């Protein structure tokens, strides 16, 4: 048996290939929309992708299961658990719909589905047995059910999909799913669907895999034996869910459009840029922070071309409207791929940075400058980090508004005084400041280096709760 781990760093999302190299066949578990890495690995290992399985209907990325099946002719294996509201709509007559304890063979590798509800009602984990060498399982692909030192969040049906009253029942399902796998052997390897940086759990571990015995001993989800205590613990302190999650649930249930059917993304001229801005479309200026701050056009949103570009952009995208890019030609392919990874398909074109150097500037200030303003009472500091970060440590007098929640709070912010946005390192605060400027705020600045620079300068901090 061959196992390959393929990580999308932008989404902290893991896809796995399980293959029987003697039989020349492979299974891909939880593919993302860019299928080229899987085709490349299969070619390198001289195996044919014959099976594609999904652990659940994903909320954080556009599934590549349909895309990969179309490209390879592989059979799809999708959950039939969770009730009528959580069934895949795009399966064909060849698709195998899985119930608890259903199994199939990938060469001599046995794959068995376990219904592990909690993160979602239909969620499956896959128990793996290499029958060529053993008659007992060696590992479990846990998707978004179990992470290293964490478990999947149970609140997304309510917070992202809008199913009122579902988070507590989902948390109770998670408790029973955890109790169920307590009986599996301690030596079982755990291969999760996400690592550190994913918003699908409170704080998934940074290492890519674990063993069940370790999780039983050190993962808090296993050590809480009372169901009510477990539910309270699991629901407390979950991170804010990016706004695009709700769209991904709908897209992945129906099946994302095939990439071959999408219109190509062309370079456009200045007239098209002026028209896009006048129409109210989202124009993402994906240049570096310094370049944008020196000169840009009013009405654009600065999302720098960092690793988590799509997660940042996903807070502000309107899926019913058009999205354009301002980016260097060398970056365009990756940025378009990153946007399509979260289902942003309505991208008519991009613009050269040469067209973006307008008359607008965005002020950036040092920690020392901000401290002078703060002590004089002449500034509103808006901390745009996650609530958990703000609660842990913050600049005195800072007001908390998550950067992705600014659209709901712009009416509450003053336009007659300086607003300085602040995050941990300066990326989210830059996005936030450019958004406020886009909304007509003229007195806006971003803190250079964020809280890291503030702390390095020895300036005062508050902590220990709100």
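In the working numbering, the protein residues as written are 564 to 1029. In this text, a Cβ means the ideal position worked out from N, Cα and C, and glycines have one as well. Computed from a predicted structure; not experimentally measured.
{"query": "Beta-ladder partner(s) of residue 667, from DSSP", "result": "674"}
{"query": "Delimiting residues of the beta strand (DSSP E) encompassing residue 754", "result": "752 to 755"}
{"query": "Span separating the alpha-carbon of residue 730 from that of residue 792", "result": "15 Å"}
{"query": "Residue(s) in a DSSP beta bridge with residue 1025", "result": "957"}
{"query": "Neighbour-count burial assignment, residue 825, 16 or more Cβ in a 10 Å radius", "result": "exposed"}
{"query": "Of the listed residues 735, 760, 852 and 819, nearest to residue 794 (C-alpha basis)", "result": "735"}
{"query": "Residue from 630, 756, 640 and 614 with nearest C-alpha to residue 821", "result": "630"}
{"query": "Complete runs of the beta strand (DSSP E) confined to the region 689 to 745 [at least 3 residues]", "result": "702 to 706"}
{"query": "Nearest-angstrom Cα separation, counted from residue 897 out to residue 868", "result": "9 Å"}
{"query": "Exposed unless 16 or more other CB atoms sit within 10 angstroms - verdict on residue 967", "result": "buried"}
{"query": "Inter-residue spacing [alpha-carbon to alpha-carbon] between residue 761 and residue 625", "result": "15 Å"}
{"query": "Option nearest residue 1042 by Cα separation, candidates 944, 934 and 975", "result": "Residue numbering for the chain in the displayed model covers 564 to 1029; residue 1042 lies beyond these limits and cannot be assessed."}
{"query": "Where residue 901 sits in the DSSP three-state scheme", "result": "helix"}
{"query": "Option nearest residue 602 by Cα separation, candidates 633, 574, 622 and 576", "result": "633"}
{"query": "Contained alpha helix (DSSP H) runs [length at least 4] in the region 858 to 925, N- to C-terminal order", "result": "872 to 877 and 892 to 903"}
{"query": "Residue 599 in three-state terms, based on DSSP", "result": "helix"}
{"query": "Inter-residue spacing [alpha-carbon to alpha-carbon] between residue 790 and residue 987", "result": "36 Å"}
{"query": "Backbone secondary structure at residue 965 - three-state DSSP", "result": "coil"}
{"query": "CA-to-CA distance, residue 702 to residue 579, given in whole angstroms", "result": "12 Å"}
{"query": "Per-residue burial, residue 998 [other beta carbons within 10 Å of its own, 16 or more giving buried]", "result": "buried"}
{"query": "For residue 744, the nearest candidate out of 680, 575, 1011 and 841 (CA to CA)", "result": "680"}
{"query": "Identified DSSP bridge partners for residue 569", "result": "578"}
{"query": "Under the three-state DSSP convention, the category residue 605 falls into", "result": "helix"}
{"query": "Rounded straight-line distance, which links the Cα of residue 728 to that of residue 846", "result": "36 Å"}
{"query": "Buried versus exposed call for residue 605 [16 or more other C-beta atoms within 10 Å across all chains shown]", "result": "buried"}
{"query": "Separation of residue 752 from residue 784, as counted between CA atoms", "result": "17 Å"}
{"query": "Check whether residue 944 and residue 937 have beta carbons under 8 Å apart", "result": "yes"}
{"query": "Distance between residue 687 and residue 652 (C-alpha atoms, nearest Å)", "result": "17 Å"}
{"query": "Per-residue burial, residue 575 [other beta carbons within 10 Å of its own, 16 or more giving buried]", "result": "buried"}
{"query": "Coarse secondary structure for residue 948, derived from DSSP in three states", "result": "coil"}
{"query": "Buried versus exposed call for residue 710 [16 or more other C-beta atoms within 10 Å across all chains shown]", "result": "buried"}
{"query": "Given 8 Å, three or more beta-carbon pairs between the region 829 to 846 and the region 903 to 915", "result": "yes"}
{"query": "Euclidean distance between Cα positions of residue 851 and residue 840", "result": "20 Å"}
{"query": "Collapsed DSSP secondary structure at residue 638 in the structure displayed", "result": "strand"}
{"query": "Separation of residue 891 from residue 829, as counted between CA atoms", "result": "13 Å"}
{"query": "Spatial neighbours of residue 659 in its chain, beta-carbon cut-off 6 Å, leaving aside the 5 residues before and after", "result": "640"}
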